[in-house]
Amino acid sequence: MPTPHNAAKQGDIARVVLMPGDPLRARLLAERYLEDVTCFSEVRNMLGFTGSYEGVRLSVMGSGMGIPSMGIYSWELYNIYDVDAIIRIGSAGGLAPQVGLRDIVIAQAACTDSNFVAQYGLPGTYAPIADFGLLRDAADVCERDHAPYHVGNLLSSDVFYCDLDVHRQWSSMGVLAVEMEAAGLYCNAAKAGKRALAIATISDLSLSGESLSAQDRQTSFTQMMEIALEVARRA
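Numbering (this note's numbering), first residue to last: 40 to 274.
Here it is as structure tokens:
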């Protein structure tokens, strides 16, 4: 049944969903890669589409920015719409020296400065991690396509504008890049007993000041989309 955030009915959404943060990137992916596309939700302009890719039924939906927004949409997909796997496709800021603009980062795990995990009341520090099967497929596709990629830790931060010393500290612990959603997605997947993976394209390098334009972020990350589509097809 529809929720306050999603107009889809049961059966409208496929078992595997690709989730960019930007709903316009969701529309771009649906229009460029999917066949027989239908729009299942336009609530709050968080666009969602279902179609087929190489004969496999898939959905794509925006998540919005930040763990609270990702937390709402992914929770509903897992727990109300019976989605089995969500693959986040987004942008990230490179932190590690070996990471360059447009490189692909596959998030094996997601550190966070968010309080999202506190809701579970765990007697310690929880480590949000990806589904290994999805991660392995993503790395395989990157190898096959000769895509420049890295596998490791992301930081999912609640803070977009921060002192660069904060980024240097995370970089010193081997964190590859910073974004704002993966940890919340991984927590929701774990709690629901479902699967999740975050794949990011590096859009800027905060420690050097290099960056891509907003238009590039919205429309040019096609390599990441194609990797995620192949992983979703296999899932």
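Note that CB positions come from ideal geometry on N, CA and C, so glycine has one too.
What is the DSSP secondary structure of residue i, counted as helix, strand or coil?
i: Tyr120; result: coil
i: Asp179; result: helix
i: Asn154; result: coil
i: Cys226; result: helix
i: Ala274; result: coil
i: Phe260; result: coil
i: Gly172; result: helix
i: Gly133; result: strand
i: Arg54; result: coil
Apart from the five residues on each side of it in sequence, which residues of its chain come closer than 6 Å, Cβ to Cβ, to residue i?
i: Ala53; result: Thr89, Arg96, Leu97 and Ser98
i: Arg66; result: Leu86
i: Pro167; result: Ala149, Ala222, Tyr225 and Cys226
Identify, in the order they occur along the chain, each residue of the same chain with its Cβ nearer than 8 Å to the Cβ of residue i, setting aside the five sequence neighbours on each side.
i: Leu203; result: Ser245 and Leu246
i: Asp142; result: Gly133, Pro187, Tyr188, His189, Thr240 and Ile241
i: Asp170; result: Ala124, Ala228, Arg234, Ala235 and Leu236
Which residue or residues does DSSP assign as beta-bridge partners of residue i?
i: Glu7; result: Residue coverage of the chain in this structure runs from 40 to 274, which leaves residue 7 outside it and unanswerable.
i: His206; result: Answer is none; His206 lacks a bridge partner.
i: Val190; result: Ile145
Using CA coordinates, which residue listed in the options is at the minimum distance from residue i?
i: Pro136; options: Lys48, Glu218, Val180 and Ser210; result: Ser210
i: Ala237; options: Gln49, Val205, Met263 and Asp121; result: Met263
i: Met219; options: Ile128, Pro43 and Tyr165; result: Ile128
i: Ser250; options: Met104, Glu115, Ile126 and Ser130; result: Ser130
Just to confirm my understanding: we take residue i, look at its own chain, exclude 5 residues before and 5 after, and list those with CB closer than 7 Å. What are they?
i: Ala93; result: In the sequence under discussion, the amino acid at residue 93 is Glu, which differs from the Ala named in the question. Cβ neighbours of Glu93 beyond the five flanking positions: Arg272.
i: Phe173; result: The question names Phe, but residue 173 is Leu in the sequence shown. Contacts found: Ala124, Ile126, Arg234, Leu236, Val270 and Ala274.
For residue i and residue j, which I take to be in contact (beta-carbon distance under 8 Å), what is that distance rounded to the nearest angstrom?
i: Ile266; j: Val144; result: Actually they do not touch by this definition, with Cβ atoms about 11 Å apart.
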